[in-house]
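2 protein chains.
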Amino acid sequence: MAEAYQLQPNGDSASKPLLELYVKASGIDARRIGADLFCQEFWMELYALYEIGVARVEVKTVNVNSEAFKKNFLGAQPPIMIEEEKSVTYTDNREIEGRIFHLAKEFNVPLFEKDPSVEKRIENLYRNFKLFLRAKVEFDKGKKVPSSVEDISPQIKVHYNRVCEQLSSINELLAERNSRYLLGNSMTEYDCELMPRLHHIRIIGLSLLNFDIPHDFTHLWNYILTAYRTAAFIESCPADQDIIHHYKEQLSLFTNQRETLQSPTKTHTIPDKVLSAIRVKGLAPDVNML
Amino acid sequence: MAEAYQLQPNGDSASKPLLELYVKASGIDARRIGADLFCQEFWMELYALYEIGVARVEVKTVNVNSEAFKKNFLGAQPPIMIEEEKSVTYTDNREIEGRIFHLAKEFNVPLFEKDPSVEKRIENLYRNFKLFLRAKVEFDKGKKVPSSVEDISPQIKVHYNRVCEQLSSINELLAERNSRYLLGNSMTEYDCELMPRLHHIRIIGLSLLNFDIPHDFTHLWNYILTAYRTAAFIESCPADQDIIHHYKEQLSLFTNQRETLQSPTKTHTIPDKVLSAIRVKGLAPDVNML
Chain A
1 MAEAYQLQPN
11 GDSASKPLLE
21 LYVKASGIDA
31 RRIGADLFCQ
41 EFWMELYALY
51 EIGVARVEVK
61 TVNVNSEAFK
71 KNFLGAQPPI
81 MIEEEKSVTY
91 TDNREIEGRI
101 FHLAKEFNVP
111 LFEKDPSVEK
121 RIENLYRNFK
131 LFLRAKVEFD
141 KGKKVPSSVE
151 DISPQIKVHY
161 NRVCEQLSSI
171 NELLAERNSR
181 YLLGNSMTEY
191 DCELMPRLHH
201 IRIIGLSLLN
211 FDIPHDFTHL
221 WNYILTAYRT
231 AAFIESCPAD
241 QDIIHHYKEQ
251 LSLFTNQRET
261 LQSPTKTHTI
271 PDKVLSAIRV
281 KGLAPDVNML
Chain B
1 MAEAYQLQPN
11 GDSASKPLLE
21 LYVKASGIDA
31 RRIGADLFCQ
41 EFWMELYALY
51 EIGVARVEVK
61 TVNVNSEAFK
71 KNFLGAQPPI
81 MIEEEKSVTY
91 TDNREIEGRI
101 FHLAKEFNVP
111 LFEKDPSVEK
121 RIENLYRNFK
131 LFLRAKVEFD
141 KGKKVPSSVE
151 DISPQIKVHY
161 NRVCEQLSSI
171 NELLAERNSR
181 YLLGNSMTEY
191 DCELMPRLHH
201 IRIIGLSLLN
211 FDIPHDFTHL
221 WNYILTAYRT
231 AAFIESCPAD
241 QDIIHHYKEQ
251 LSLFTNQRET
261 LQSPTKTHTI
271 PDKVLSAIRV
281 KGLAPDVNML
């Protein structure tokens, strides 16, 4: 029927499921994306499905403290995914992942390929970073600038070493694999997990800890560069200010106007020295063209 | 070595993993359990492992608005599970379930047996109830007592009917199966999901909606009675006042002192008429001995 066809000029796209993802808004401005890691992880996975035409995706930021949000979702917290056509609201990470998993499976998208050795290498990184962060922030209390790594107590050094060792082991893994993403040339759930966490470590390390990912981890930096060139990551990434604000709030640190009044910016570049090392090693061939 | 033996008189129990579960505290009193459904679900699963000696379990209530909590968990929300011996903190429902799943598998506990037909029957019940709840509370705004089902608008009646139809279909399933729990004589994850939700529907139905689970759903009521006789459920169940307070908060309803000042009580009995019907049908043989 011509009329029906006209109403749905793109019959194909109309049959794709529409998935709405509600993500936590920034504490600075409710129209901006907040720094919730699970929200970014699912957004990246959905983006992967959207990119290859498997699903339509809409993302909405929500202020979890607003009355309207509370009433609508009765205590559920973002990430929340809604599939209107099925009248289904997924409020649990297990359910959201379950739905994305089934869609990926149905369309043969290798988003959830398993690799226990990758899983093992990345699983405790963020936890260890949080332990380091908490301990060092406590240690630096009252100081005008965060202390350098040489000056921290042996106890905090233990946390610091653990983070560096694990970053090093991921660097080695990436060197061995020599692939764009953790499992190969396409992004999997492991990348959706690791990329946002590495970015938080970098942004928070620089702003609150006087810490940077060691510059000699060339393969790891190359991987971070890949994140900065992956649409799924860039689109779903909060601004630096929103990431810093999130952690300051949790750590009850004084929030100065630097973050709240600044125009939001996103650090998606890597240090020049590291970039040269990547070029020298012939990684990321497109870097040469810069 | 005798000394080592003396230090660990119960060698077996010392080798069991200790799992600490942090659950959301009640908004009335931070020492009391709050009404978070995921927290109760995991608590019940952990209780099942604890009961048969597979794990040691400790549960702690946390006030998510306290500075101490925020600092310690940096934005993560309960349920949170900690396994100190492994220095692992599980902050994601997928991770918590993954750990419980592996423990259950290791010790052959049939907690995660799959049954797609059960899954299908129970999956939308709570969502449909929330739609009914929100619509009816909005409809009843300004009224002194909630309206009766006869007086609600056709639109809300649709939500109401949907809830009743689904309760009826679960009632039928239970009648067909004729077993203590959904899958048989031992509790599975499906029961840990359904039992707390049915209890919330009952408590909130009575207190805010002028609604009760239809009394002729004898098998369903018998199942609720089973919950009230299941240690894993009773131990992890919040008081009525804490459940009501949770929903009132989310719905921005006036909180009167009835809930906040009352001594906490738990409704773990069922209507007499229903109890008689259960007796007549010869369900739950132990009921006769009351």
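Chains as they are written, first to last, in the UniProt record's numbering: chain A, 1 to 290; chain B, 1 to 290.
For each residue, glycine too, the CB sits at the ideal point set by N, CA and C.
Given the structure is predicted, the values throughout are model-derived calculations rather than measurements.
Could you check which residue in the options has the C-alpha nearest to that of residue i?
i        : options                                   : result
A:Gly27  : A:Glu259, A:Leu283, A:Arg279 and A:Gly282 : A:Glu259
A:Arg67  : B:Ser117, B:Glu119, B:Val59 and B:Tyr247  : Looking at the sequence itself, residue 67 of chain A is Glu, so the reference to Arg does not match. Measuring from the Cα of A:Glu67, the nearest candidate turns out to be B:Tyr247.
A:Arg134 : A:Lys157, A:Glu51 and A:Met195            : A:Lys157
B:Arg127 : B:Lys144, B:Asn178, B:Pro146 and B:Glu193 : B:Glu193
A:Thr230 : A:Pro196, A:Ser252 and A:Asn256           : A:Pro196
A:Val149 : A:His215, A:Phe73, A:Ala55 and A:Leu209   : A:Leu209
B:His159 : A:Ser87, A:His268, A:His215 and A:Glu235  : A:Ser87
A:Pro271 : A:Leu253, A:Ile244, A:Ile224 and A:Glu172 : A:Ile224
B:Val274 : B:Ile213, B:Leu167 and B:Leu253           : B:Ile213
B:Leu220 : B:Pro264, B:Leu182 and B:Glu84            : B:Leu182
B:Ile204 : B:Gly75, B:Asp242 and B:Glu95             : B:Asp242
B:Asp151 : B:Ser276, B:Phe211 and B:Ala284           : B:Phe211
Give the secondary structure of residue i by DSSP, where H, G and I count as helix, E and B as strand, and everything else as coil.
i                      : result
B:Val145               : coil
A:Glu83                : strand
B:Lys136               : helix
A:Ser236               : helix
B:Arg99                : helix
A:Thr226               : helix
residue 320 of chain A : Here chain A covers residues 1 to 290 and nothing more, so residue 320 of chain A does not appear.
A:Thr218               : helix
B:Ala284               : coil
A:Leu253               : coil
A:Glu113               : coil
B:Leu183               : coil
B:Lys105               : helix
What residue range is occupied by the uninterrupted alpha helix (DSSP H) comprising residue i?
i        : result
B:Tyr190 : Glu189 to Ile204
A:Val280 : Asp272 to Val280
A:Asp242 : Asp240 to Gln250
A:Ser168 : Pro154 to Arg177
B:Glu123 : Where B:Glu123 is concerned, there is no enclosing alpha helix (DSSP H), given that its DSSP letter is neither H nor E.
B:Arg258 : Gln257 to Leu261
At least one CB of chain B closer than 8 Å to the CB of residue i: is that the case?
i        : result
A:Phe38  : yes
A:Tyr247 : yes
A:Ser252 : yes
A:Asp92  : yes
A:Gly205 : no
A:Gly75  : yes
A:Glu259 : no
A:Lys71  : yes
A:Ala2   : At A:Ala2 the pLDDT is 29, less than 50, meaning the model places this residue with poor confidence; the figure from the coordinates comes in the next sentence. Chain B contact via Cβ: absent.
A:Arg134 : yes
A:Glu83  : no
A:Pro17  : no
Since residue i is in the beta strand (DSSP E), which residue starts that stretch and which ends it?
i        : result
A:Glu150 : Taken as a continuous stretch (DSSP letters only), A:Glu150 belongs to no beta strand (DSSP E), as it is neither H nor E.
Step through the CB atoms of chain A and report whether any lies within less than 8 Å of the CB of residue i.
i        : result
B:Lys141 : no
B:Asp115 : no
B:Leu7   : With a pLDDT of 30 at B:Leu7, under the threshold of 50, the modelled position of that residue is not reliable, and the figure given next carries that caveat. Output row for B:Leu7: interface = no.
B:Leu290 : Reliability fails at B:Leu290, whose pLDDT of 44 lies under 50, so the model's placement of it is uncertain and no value is given.
B:Leu46  : no
B:Lys157 : no
B:Gly11  : Residue confidence for B:Gly11 is low, a pLDDT of 41 falling below 50, so the modelled location carries little weight; the figure read from the coordinates is stated next. Answer no: the Cβ-Cβ gap between B:Gly11 and chain A never drops below 8 Å.
B:Val88  : yes
B:Glu20  : no
B:Glu189 : no
B:Glu67  : yes
Legend entry - 4-residue-minimum alpha helix (DSSP H) runs that sit fully inside the UniProt domain "CLIC N-terminal" (17-97) of chain B, ordered along the chain: 37-51 and 67-73
Inset, instruction - With 8 Å as the C-beta to C-beta threshold (strictly closer), list the residues of the region 95-129 of chain A near chain C in chain order. - result: Protein chains in the displayed structure are A and B, and chain C is not among them.
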